[in-house]
Amino acid sequence: MTDLTPSDQHVPDDLRILTVEYLSAVRARLADIETPVAREQAARLFTDQLLPAVAKTVKDIRTAAVGELRQGRTLREVSELIGLSVPRVDQLLKGK
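Everything in the sequence shown is counted per full-length UniProt numbering, starting at 1 for the first residue and increasing by one.
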(Lines of atoms letter the chains of each structure in order from A and count residues from 1; the text may use other names and numbers.)
(Lines give C-alpha, C1' and ligand atoms only; values in the text may rest on other atoms or scores of the structure.)
Protein backbone atom coordinates (compact mmCIF):
# COMPACT_ATOMS: atom_id res chain seq x y z
CA MET A 1 0.00 0.00 0.00
CA THR A 2 1.53 3.33 -1.04
CA ASP A 3 0.36 6.84 -1.75
CA LEU A 4 3.64 7.96 -3.35
CA THR A 5 3.67 9.19 -6.91
CA PRO A 6 6.90 9.20 -8.94
CA SER A 7 7.27 12.96 -8.37
CA ASP A 8 6.78 12.48 -4.58
CA GLN A 9 9.84 10.27 -4.48
CA HIS A 10 12.05 13.29 -5.28
CA VAL A 11 10.68 15.41 -2.44
CA PRO A 12 13.14 14.28 0.29
CA ASP A 13 16.13 15.10 -1.93
CA ASP A 14 14.60 18.44 -2.93
CA LEU A 15 13.97 19.34 0.71
CA ARG A 16 17.54 18.42 1.67
CA ILE A 17 18.94 20.60 -1.12
CA LEU A 18 16.69 23.54 -0.23
CA THR A 19 17.54 23.23 3.46
CA VAL A 20 21.29 23.12 2.82
CA GLU A 21 21.05 26.14 0.51
CA TYR A 22 18.92 28.06 2.99
CA LEU A 23 21.17 27.31 5.96
CA SER A 24 24.23 28.22 3.93
CA ALA A 25 22.64 31.57 3.12
CA VAL A 26 21.74 32.14 6.78
CA ARG A 27 25.28 31.27 7.92
CA ALA A 28 26.78 33.59 5.31
CA ARG A 29 24.46 36.43 6.30
CA LEU A 30 25.24 35.95 9.99
CA ALA A 31 28.97 35.86 9.24
CA ASP A 32 28.66 39.17 7.37
CA ILE A 33 27.30 41.01 10.41
CA GLU A 34 30.13 43.24 11.55
CA THR A 35 29.60 43.69 15.25
CA PRO A 36 29.56 40.74 17.64
CA VAL A 37 26.54 42.14 19.49
CA ALA A 38 24.45 42.41 16.33
CA ARG A 39 25.72 39.00 15.15
CA GLU A 40 24.74 37.37 18.45
CA GLN A 41 21.32 39.03 18.42
CA ALA A 42 20.66 37.90 14.86
CA ALA A 43 21.79 34.35 15.65
CA ARG A 44 19.58 34.32 18.74
CA LEU A 45 16.61 35.55 16.69
CA PHE A 46 17.19 32.71 14.26
CA THR A 47 17.55 29.97 16.87
CA ASP A 48 15.01 31.21 19.42
CA GLN A 49 12.21 32.49 17.20
CA LEU A 50 12.56 31.64 13.54
CA LEU A 51 13.56 27.97 13.78
CA PRO A 52 10.86 27.10 16.35
CA ALA A 53 8.24 28.84 14.19
CA VAL A 54 9.31 26.80 11.16
CA ALA A 55 9.34 23.59 13.22
CA LYS A 56 5.79 24.29 14.47
CA THR A 57 4.52 24.95 10.96
CA VAL A 58 6.13 21.77 9.61
CA LYS A 59 4.78 19.74 12.53
CA ASP A 60 1.27 21.04 11.81
CA ILE A 61 1.65 20.01 8.16
CA ARG A 62 2.82 16.57 9.27
CA THR A 63 -0.11 16.18 11.65
CA ALA A 64 -2.55 17.17 8.90
CA ALA A 65 -0.97 14.68 6.47
CA VAL A 66 -1.26 11.86 9.01
CA GLY A 67 -4.86 12.92 9.61
CA GLU A 68 -5.56 12.62 5.89
CA LEU A 69 -4.00 9.17 5.85
CA ARG A 70 -6.13 8.14 8.82
CA GLN A 71 -9.36 8.72 6.91
CA GLY A 72 -10.71 5.28 6.12
CA ARG A 73 -7.69 3.50 7.62
CA THR A 74 -6.85 1.99 10.96
CA LEU A 75 -3.93 3.27 13.02
CA ARG A 76 -2.07 0.07 12.15
CA GLU A 77 -2.60 0.63 8.41
CA VAL A 78 -1.33 4.20 8.70
CA SER A 79 1.66 3.07 10.76
CA GLU A 80 2.59 0.48 8.14
CA LEU A 81 2.13 2.99 5.34
CA ILE A 82 4.49 5.58 6.82
CA GLY A 83 6.82 3.27 8.71
CA LEU A 84 6.07 4.43 12.25
CA SER A 85 4.74 2.62 15.29
CA VAL A 86 1.03 2.68 16.07
CA PRO A 87 1.62 4.70 19.27
CA ARG A 88 3.67 7.26 17.33
CA VAL A 89 0.94 7.63 14.70
CA ASP A 90 -1.56 8.16 17.52
CA GLN A 91 0.71 10.83 19.03
CA LEU A 92 1.03 12.60 15.71
CA LEU A 93 -2.74 12.62 15.29
CA LYS A 94 -2.98 14.24 18.72
CA GLY A 95 -0.44 16.87 17.68
CA LYS A 96 2.36 15.62 19.91
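All C-beta atoms, glycine included, are put in the ideal place defined by N, C-alpha and C.
Where the alpha helix (DSSP H) containing residue i begins and where it ends
i, result
"Ile33", "That residue, Ile33, is in no alpha helix (DSSP H); it is neither H nor E in DSSP."
Within 9 Å, strictly: CB atoms of residue i and residue j
i, j, result
"Ala42", "Leu23", "no"
"Arg70", "Val86", "no"
"Leu92", "Thr63", "yes"
"Gly83", "Lys59", "no"
Proximity to residue i [Cα-Cα], best of the options
i, options, result
"Val66", "Val89, Thr47, Val58, Leu50", "Val89"
Inter-residue Cα distance where the pair is residue i and residue j
i, j, result
"Ala21", "Glu68", "Checking the displayed sequence, the identity of residue 21 turns out to be Glu instead of Ala. The alpha-carbon atoms of Glu21 and Glu68 are separated by roughly 30 Å."
"Leu4", "Leu15", "16 Å"
"Ala28", "Arg39", "11 Å"
"Val11", "Leu18", "10 Å"
"Lys26", "Gly72", "Checking the displayed sequence, the identity of residue 26 turns out to be Val instead of Lys. Each residue's Cα considered, the two are about 42 Å apart."
Tell me the start and end of each unbroken alpha helix (DSSP H) in the region 18-95 that is at least 4 residues and wholly inside, in chain order.
36-45, 51-70, 75-82, 86-93
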